[in-house]
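Listed in order, the protein sequences are those of chains A and B. Just so we're aligned, residue 1 is where the first sequence starts under my numbering, counting upward by one. Just so we're aligned, residue 1 is where the second sequence starts under my numbering, counting upward by one.
Protein chains: 2
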Amino acid sequence: MFNYNPGAQEPAATVKTSQGDYRVMVSRGAIEAIGPEMRQAGVNGRAFLIADYAMFPLLVRRAHEALERGGYETHALILELGEEAKTIATATKVYEWLAEQRAERTDCVVSMGGGVTSDLVGFAAATWLRGVPVVHVPTSLAAMVDASIGGKAAVNLPIGKNLVGAFKQPRLVIHDIDFLDTLPRRELAAGWAEAVKHALILDDDLLNTFETHAEDLAALSGDLVEPVIRRSVEIKAEIVSADEFETGNDRVLLNYGHTIGHAIEAVTEYGTYLHGEAVSIGMMVAAGISQRQGLISEELVDRQRTLLKRFELPVVLSDVDPDTLLEATTSDKKSRGGKIRWVLLRGPGRATTSRDVSTKVVRAALNDVLVS
Amino acid sequence: MFNYNPGAQEPAATVKTSQGDYRVMVSRGAIEAIGPEMRQAGVNGRAFLIADYAMFPLLVRRAHEALERGGYETHALILELGEEAKTIATATKVYEWLAEQRAERTDCVVSMGGGVTSDLVGFAAATWLRGVPVVHVPTSLAAMVDASIGGKAAVNLPIGKNLVGAFKQPRLVIHDIDFLDTLPRRELAAGWAEAVKHALILDDDLLNTFETHAEDLAALSGDLVEPVIRRSVEIKAEIVSADEFETGNDRVLLNYGHTIGHAIEAVTEYGTYLHGEAVSIGMMVAAGISQRQGLISEELVDRQRTLLKRFELPVVLSDVDPDTLLEATTSDKKSRGGKIRWVLLRGPGRATTSRDVSTKVVRAALNDVLVS
C-alpha cells in the first residue's frame, strides 16, 4: 500500500494567482505522489492524461499507475508534441478525444511532456467546456523552470508563434527530477539557460552557486541539482505571483535575452537552435547593450559568457544577417507601437527595462556575437 | 461636435465579475455614445470591429463612425455569422485578420451582430494574444437579453455545440433598441422567449407586464419596450454577478426550458426552430414536469402557454420521436454523471432545480406537447 502524506512534503513554491493558488512539487520520484497531491488541490473527477510520445511507454505508465493508485479513473492520449504540432489542429485533436470520452467540467486534464505539451494542453484545458482543471507534469528542465509555471498557454499560427492562447493557471505542478535522467544533454543545457537567466536577473547568490558548480549541474551530478531547480522555480513563482498578467514591471524581466532570442529562432526558422540556446545568445546581446548603456561593466558581460559556455550553451551566432535579425526583433509581440522594451542587466542578479536604446547600440552589441 | 457625458446616462445594469465590472447601456441610439462609454470603461488603443454581414453596410457604418468620432482608429471585418459559421475555422479567420492588422493587447475588439457573433468574437478576443478587451454591440433581441451578458463565449465542434470556449467578460455592452426595427418578426419573438423566461423564473411583476402588454411588446410598439428590455437585462446581470461560473445555484436557473430546448434543436439538426422557439417548447415541457411534481398548478402551466402563444411562439412539437428526444436530453452538457438537473417552476416568478424527476414524468410532460 502506497502511503503518502501531502502535508509532509514541502512545495518548492506556492504560486498565488487570481485563478487560485497552487503548489509546485520538486523531488526525485515526485510523480508517485500525484494522486494525493491532486486530492489536496481539490481536483476530482476522472483524469485525462495527455502525454508527448517521447514519454511513451515507460514514463506514461508510471504516471498512469500513480493516478490510478490515487483513485483517479485515468485515460491517456499520446501525441507527437514537437514545436510543429503546437497548432489549433492539434488542439482540435485533443478536443475530439475529450468529446469522445465525454470529459466533463468536473474532470481534469494532466499534461506530461516539455514546454510545447504544457502550452498546448494548457490551452485545450482552458477552452474545453470553457475551462477544466489542468495539472502539469513537465518532463524537460526548460518546462520545469519556465513553461509549466505561470499559466501562459498558447498555440502557434502560421503567421506567428503563441498568437492564440489563454492565461490558464494549473491546479498543481509536479517536477519529477528522475525524468531528467533520460533527457538529451543538449536539451538539458537549454533548460539550464532559463535557470541561469533567473539567477542573472534576480538572484546573485544563485548566480554564485551556478558559477561554483556549473559542470556538476550540467551533468546532473552532485547534491545541488534539486535545490537549484527549487530556487529557480521559486523565483519564477514569485514573479508570476507579483505580476500574473504581465501588466506590471515584474514579469517582463523574464524576457531577458528573449527579444533577440525570439528573433534568432524566427530567422533560423526554428530549425537551428533550441529555445534556450537562442536565449543564451540573446542574453549575450542584452548584456552587451547593458554594458554600452553604462549599466554594467564589461567584467559582468564576461562572467555571463563564461558561465553560459560552461553549460555548453552557444554565445555567438553565425550565418545570420544582422539586418534581417533587427527587422525580426520589431515584429516581436512585446514591442508596443514599434518601441521595443529591452530587459537589461544593471548588476549581477539585478535587471531593469528600457525603451530608450538606439539602433546603433543594438547593432554594436549584435556585432559582438556575430561570427562569419 | 458630438457632446456626451457618460455619467448622465444610467446603465440598465452593472455586471460584477472577477474580470471586472461593466455597464450594459440600453436606449434608442445608444450606439452613438459607444466612444465615450468605451473611454469611461478604460478601453483604449485601436478598435477592431467584427460584424455580421447582416449589419452591412448601414449599421456597420453607424458603429464605425461613432467609434471614429470617439477617437478610436477603427478597422472593420465583415463575416457571415450564421450558426454554421460558429466554428474554430471562423475564429481562425478572425485571428488571421487581427494578425495582419498587428492588433496588440492594448487594442480592443468590438462585436456587432446576434448571439453567434458575440459568442464567436468573444471567444476570439479571449484567446487572441491570451486575451484582449471586447465590447459587445448585440443587434438581435435574443443577444441583448441573453448572449451578450455574462461572458459565455464559445464555438461549436462537429460533435457538439459550445464545446470549446471561455468565460470572457466584455468591458461594455451597448444595446441600441433602434437595431431591433429591422429584425424579422420571427427572430424578435425568439428573443422575447428568453425575456419571458427571465420573468417566469425570477420576476412576477415582469410576468404581469408581459401579460398586460404582450401584443404591443411583440410589435415593438408602446412605451414599454425599453423598460422591459432593461428589466430583463437587469435580471440576467444579477444572476451572472451572483454566480459568474455557473458553479452555484443561480445561473443554472437561466436554463429553464433549455434541457428540452437543446434536445429539440439537436434532433431537428438546428434547421427547424430558432433557439428561442425551441426554448419556448422546452419551457412548456418543464412547466408540465413542475406541475406533475406538485410544484405548480395546472393554471400556471396554462398562463405560460397563453403568454408564449401571444408572442407567436411555438408551444407544441410535431414530427419528433419522443425516445430520440429523451436520448438527446441526456447528452446535454448540463447533465453530470447521467443525472439531469431540471430547472422547474415553483410559482410565477419563482424557479428551483431538481435531479429527482422520473423518466415517466418527463415522458408524460413531453407527450403533452407532442402532436402528430
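Note that beta-carbon positions come from the ideal geometry of N, C-alpha and C, so glycine has one too.
C-beta atoms of residue i and residue j nearer than 8 Å
i                  : j                  : result
Val-94 of chain A  : Ile-50 of chain A  : yes
Ala-219 of chain A : Leu-307 of chain A : no
Glu-234 of chain A : Ala-12 of chain A  : yes
Thr-329 of chain A : Ala-263 of chain A : yes
Pro-395 of chain A : Cys-108 of chain A : Any answer about residue 395 of chain A is impossible in this case: the structure gives chain A only from 1 up to 372.
Val-369 of chain A : Thr-324 of chain A : no
Ile-340 of chain B : Thr-259 of chain B : yes
Lys-161 of chain B : Gly-257 of chain B : no
Ser-354 of chain B : Leu-313 of chain B : no
Leu-141 of chain B : Trp-192 of chain B : yes
Ala-365 of chain B : Gly-282 of chain B : no
Thr-90 of chain A  : Leu-79 of chain A  : yes
Met-284 of chain B : Arg-305 of chain B : yes
Ile-159 of chain A : Ala-99 of chain B  : yes
Ala-190 of chain A : Gly-261 of chain A : no
Thr-209 of chain A : Val-228 of chain A : yes
Glu-104 of chain A : Gly-45 of chain A  : yes
Cross-chain neighbours of residue i in chain A, by beta carbon under 9 Å
i                  : result
Lys-93 of chain B  : Those do not exist, as Lys-93 of chain B stays about 11 Å from chain A at its closest Cβ, beyond 9 Å.
Phe-167 of chain B : Arg-130 and Gly-131
Other residues of its chain near residue i: CB distance less than 8 Å, five sequence neighbours each side excluded
i                  : result
Asn-367 of chain A : Pro-322
Arg-28 of chain A  : Asp-176, Ile-177, Asp-178 and Glu-226
Tyr-22 of chain B  : Thr-14, Val-15, Ala-41, Gln-169, Pro-170, Arg-171, Leu-172 and Val-173
Gln-293 of chain B : Leu-344, Ser-354, Val-357 and Val-361
Phe-123 of chain B : Ala-91, Ala-153, Ala-154, Val-155, Val-164, Gly-165, Ala-166 and Lys-168
Val-240 of chain A : Val-15, Thr-17, Ile-149, Gly-150, Gly-151 and Arg-251
Pairwise C-alpha distance: residue j and residue i
i                  : j                  : result
Val-145 of chain B : Ile-31 of chain B  : 17 Å
Thr-17 of chain B  : Glu-238 of chain B : 11 Å
Val-316 of chain A : Val-164 of chain A : 32 Å
Thr-182 of chain A : Leu-188 of chain A : 10 Å
Glu-84 of chain A  : Ala-66 of chain B  : 43 Å
Ser-358 of chain B : Val-135 of chain A : 38 Å
Ala-147 of chain A : Gly-113 of chain A : 11 Å
Arg-102 of chain B : Arg-61 of chain A  : 44 Å
Ala-154 of chain B : Leu-254 of chain A : 32 Å
Gln-9 of chain A   : Glu-37 of chain A  : 10 Å
Ser-335 of chain B : Met-55 of chain A  : Since pLDDT at Ser-335 of chain B reaches only 48, below the 50 mark, its modelled position is unreliable, and no value is offered.
Thr-87 of chain B  : Pro-184 of chain A : 40 Å
Asp-205 of chain B : Arg-303 of chain B : 14 Å
Asp-250 of chain B : Leu-202 of chain B : 10 Å
Ala-143 of chain A : Ser-232 of chain B : 48 Å
Leu-59 of chain B  : Tyr-53 of chain B  : 10 Å
Ser-290 of chain A : Ile-296 of chain A : 6 Å
Glu-298 of chain A : Tyr-273 of chain A : 26 Å
Where residue i meets chain B, residues with beta-carbon distance less than 9 Å
i                  : result
Ile-377 of chain A : The structure shown does not extend to residue 377 of chain A, since chain A is modelled only from 1 through 372, so no value can be given for it.
Lys-152 of chain A : Arg-130
Val-357 of chain A : Those within 9 Å of Val-357 of chain A in chain B number zero; the least Cβ separation is about 20 Å.
Proximal residues to residue i (C-beta, below 7 Å), its chain only, five neighbours per side dropped
i                  : result
Phe-245 of chain A : Phe-167
Gly-35 of chain B  : Ala-66, Leu-67, Arg-69, Gly-70, Gly-71 and Tyr-72
Cross-strand partners of residue i (DSSP beta bridge)
i                  : result
His-175 of chain B : B:Val-26
Ser-280 of chain A : Paired residue(s): none; Ser-280 of chain A is not in a bridge.
Val-15 of chain A  : A:Tyr-22
Val-343 of chain B : B:Thr-353
Lys-152 of chain A : A:Phe-167
Gly-160 of chain B : B:Leu-157
Met-55 of chain A  : Paired residue(s): none; Met-55 of chain A is not in a bridge.
Leu-49 of chain A  : A:Ala-76 and A:Val-110
Pro-138 of chain A : A:Gly-113
Same chain only: Cβ atoms within 6 Å of residue i, ignoring 5 sequence neighbours per side
i                  : result
Tyr-72 of chain B  : Ala-47
Ser-372 of chain B : none
Arg-230 of chain B : Ala-12 and Val-26
Gly-82 of chain A  : none
Thr-352 of chain B : Leu-344 and Arg-346
Asp-216 of chain A : Gly-222
Where residue i meets chain A, residues with beta-carbon distance less than 7 Å
i                  : result
Gly-160 of chain B : Ala-99
Leu-67 of chain B  : Residues of chain A passing the Cβ test: none, with the nearest at roughly 20 Å.
Within chain B, the residues that residue i reaches when beta carbons sit closer than 7 Å
i                  : result
Ile-88 of chain A  : Ile-88 and Thr-92
Ser-232 of chain A : Those within 7 Å of Ser-232 of chain A in chain B number zero; the least Cβ separation is about 23 Å.
Val-164 of chain A : Tyr-95, Thr-127 and Trp-128
Under 8 Å by beta carbon: chain B residues contacting residue i
i                  : result
Leu-157 of chain A : Thr-92, Tyr-95, Glu-96 and Ala-99
Interface residues of chain A facing residue i [CB-CB closer than 8 Å]
i                 : result
Ser-18 of chain B : Ser-18
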